[in-house]
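Numbering (the working numbering), first residue to last: 37 to 578.
And the structure:
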């Protein structure tokens with residue numbers, strides 16, 4: 037039985053790769069040999085952990101997951117088997133490793149066809165994301181932060197330094213945690229791979245992958261040198277999660293991914309770029325993404341497979357805040373290496389022969405869904421620059437509905453067009469929705485919460501609008517963690533021009549919800565070609 041379980045784990049967790057064209061190789065470690073990630077049903081866990089004599093390395097507050105060190109001689113398989121038998125354990129999973137083994141294109145081109153394709157590289161004119169037109173609407177904002185979870189970024193690169201995130205609550209070099217967030221001198225991000233405040237590139241086989249993806253998100257635009265990011269002005273928060281495994285392969289442990297997600301969530305970052313993936317389902321990573329309350333833009337993978345039938349994680353997690361990205365070439369064709377899926381992959385973006393920033397103040401070309409992903413993250417940054425109040429679903433809707441429809445095998449059917457997506461923000465939606473709490477948003481388990489919802493038809497004609505109210509939980513709800521609950525609707529409303537009457541609705545919060553947890557109620561309206569959403573966030577108090 038133990039042998040079968042080990043084979044199962046290797047089948048699921050081996051081959052986890054970094055999604056610039058690569059293969060991890062079967063000789064690499066699939067997961068840390070003496071660590072597990074555990075989520076408990078109870079808040080008190082010391083006794084359970086002591087049953088296997090494990091020690092706590094770290095507790096991830098947002099997702100309520102424990103990173104445990106196993107006692108000498110205990111295998112991961114044995115620990116998981118014992119933990120899963122305990123009724124206090126929700127789940128136990130390995131601390132799996134995501135690998136990088138990229139083969140970059142060494143031919144240097146000066147044209148960035150993905151942003152503005154005139155056929156300069158032999159491709160099809162117009163097969164781009166229409167960035168040049170988008171920049172007539174907005175070139176970005178320094179008030180928008182994008183977390184880049186990758187191999188680190190060259191902080192002093194001439195085309196990146198001006199857009200490097202600076203922690204406003206931290207004083208550099210004084211050895212003090214000035215903002216009290218648990219990280220000393222985290223002025224420009226954090227290196228979770230070596231637990232330092234220097235998120236510079238890892239080096240070795242990790243190469244300049246993170247510097248490249250950061251440049252696509254937000255290399256400084258219109259500065260007379262080098263390249264331009266999708267967002268000319270943005271704050272890039274580099275979070276280094278990759279390390280050299282056995283001194284050769286470049287990999288990221290799930291525990292470091294969890295820590296990075298927890299960090300940017302704590303710092304209220306609403307967009308992250310994640311150019312890695314592949315392998316099996318990991319509940320701990322899924323929970324962390326759900327708890328992040330961010331648009332988690334992630335690479336679909338480079339195996340040329342249908343993710344609907346052969347899932348690739350984290351892009352295939354069925355979470356509403358994930359935006360999974362496939363890659364296209366300069367002729368608007370799906371890249372030969374790109375994963376796809378009409379149900380599980382959301383959108384496509386340029387990912388073949390992409391020019392961006394490199395280490396040592398250079399510029400390089402790389403291919404992969406790793407390269408398409410930061411195009412979309414940068415585009416999301418432009419949307420937030422245009423309207424800082426957009427919800428996650430509003431950003432996702434505008435990106436997916438703004439595509440150039442090319443009948444590609446992705447849910448949106450097309451390749452991103454950020455100009456079209458930005459046009460949705462230049463006028464009011466056909467129908468807007470307003471959510472208002474009745475009473476305090478600090479509540480207790482068992483309370484009945486009341487809220488008001490109101491619709492406004494912003495056109496001159498009666499409109500039929502599909503509307504609903506849903507609740508999104510994160511953690512603290514037990515079996516309902518990460519759930520989406522429909523509280524009202526969906527219903528089609530016939531709305532005359534102007535403001536509709538206020539409707540007051542209520543919902544009984546279950547008892548036993550953990551103190552300190554939070555959740556949001558969302559009101560949504562989708563009248564054909566527009567979308568609007570408003571939310572109320574509640575916090576559980578003693």
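We put the CB at the ideal spot given by N, CA and C, even for glycine.
On a predicted model such as this, the values are computed, not experimentally measured, just so you know.
Residue j beta carbon less than 8 Å from that of residue i
i           : j           : result
residue 170 : residue 356 : no
residue 383 : residue 403 : no
residue 381 : residue 360 : yes
residue 107 : residue 89  : yes
residue 334 : residue 469 : no
residue 337 : residue 445 : no
residue 366 : residue 159 : yes
residue 312 : residue 288 : yes
residue 536 : residue 466 : no
residue 421 : residue 436 : no
residue 545 : residue 482 : yes
residue 416 : residue 331 : yes
residue 308 : residue 410 : no
residue 125 : residue 104 : no
residue 275 : residue 185 : yes
residue 499 : residue 531 : yes
residue 270 : residue 176 : yes
residue 235 : residue 224 : yes
residue 181 : residue 413 : no
residue 442 : residue 434 : no
residue 496 : residue 529 : no
residue 228 : residue 292 : yes
residue 112 : residue 67  : yes
residue 164 : residue 149 : yes
Where the alpha helix (DSSP H) containing residue i begins and where it ends
i           : result
residue 410 : 405-422
residue 299 : 290-302
residue 325 : 319-327
residue 170 : 167-170
residue 454 : 454-459
residue 120 : 112-120
residue 400 : Per DSSP, residue 400 belongs to no alpha helix (DSSP H); it is in the beta strand (DSSP E), 398-402.
residue 157 : No alpha helix (DSSP H) holds residue 157; DSSP gives it neither H nor E.
residue 239 : It is not in any alpha helix (DSSP H) - residue 239 carries neither H nor E in the DSSP assignment.
residue 254 : 245-254
Span of the beta strand (DSSP E) around residue i
i           : result
residue 432 : Residue 432 -> not in any beta strand (DSSP E); alpha helix (DSSP H) instead, spanning 428-437.
residue 200 : From DSSP, residue 200 is part of no beta strand (DSSP E); its letter is neither H nor E.
residue 383 : 383-386
residue 187 : Element bounds for residue 187: n/a, residue is neither H nor E.
residue 378 : First-last for residue 378: undefined, no H or E at that position.
residue 18  : Absent from the model: residue 18. The displayed extent of the chain is 37 to 578, so no value can be given.
residue 307 : 307-310
residue 281 : 279-281
residue 392 : 390-394
8 Å contact criterion, which residue i and residue j should meet: CB distance rounded
i           : j           : result
residue 341 : residue 375 : 5 Å
residue 519 : residue 541 : Between residue 541 and residue 519 the Cβ distance is about 19 Å, and since that is not below 8 Å, they are no contact.
residue 256 : residue 198 : 5 Å
residue 248 : residue 400 : 6 Å
residue 570 : residue 471 : 4 Å
residue 485 : residue 543 : 6 Å
residue 250 : residue 189 : 5 Å
Which residues DSSP lists as bridging residue i, in chain order
i           : result
residue 65  : Looking at the DSSP assignment, residue 65 forms no beta bridge with any residue, so it has no partner.
residue 462 : Residue 462 is not bridged to any residue.
residue 125 : 76
residue 181 : 271
residue 96  : 101
residue 446 : 377
residue 276 : 186, 227
residue 130 : 72
residue 91  : 105
residue 582 : Any question about residue 582 goes unanswered here, given that the chain covers just 37 to 578.
residue 232 : 227
residue 441 : 450
residue 209 : Beta-bridge pairing links residue 209 to no other residue.
residue 529 : 501
residue 176 : 269
Heavy atom of the ligand SAH within 7 Å of residue i beta-carbon
i           : result
residue 564 : For the ligand SAH, the structure offers nothing, since it holds no ligand at all.
In chain order, each beta strand (DSSP E) run of at least 3 residues that lies wholly inside the region 531-575: 539-544, 554-562
Contained beta strand (DSSP E) runs [length at least 3] in the region 468-526, N- to C-terminal order: 484-493, 499-509
Please give me, in chain order, every unbroken run of the beta strand (DSSP E) with length at least 3 that falls completely inside the region 325-364. 331-335, 358-364
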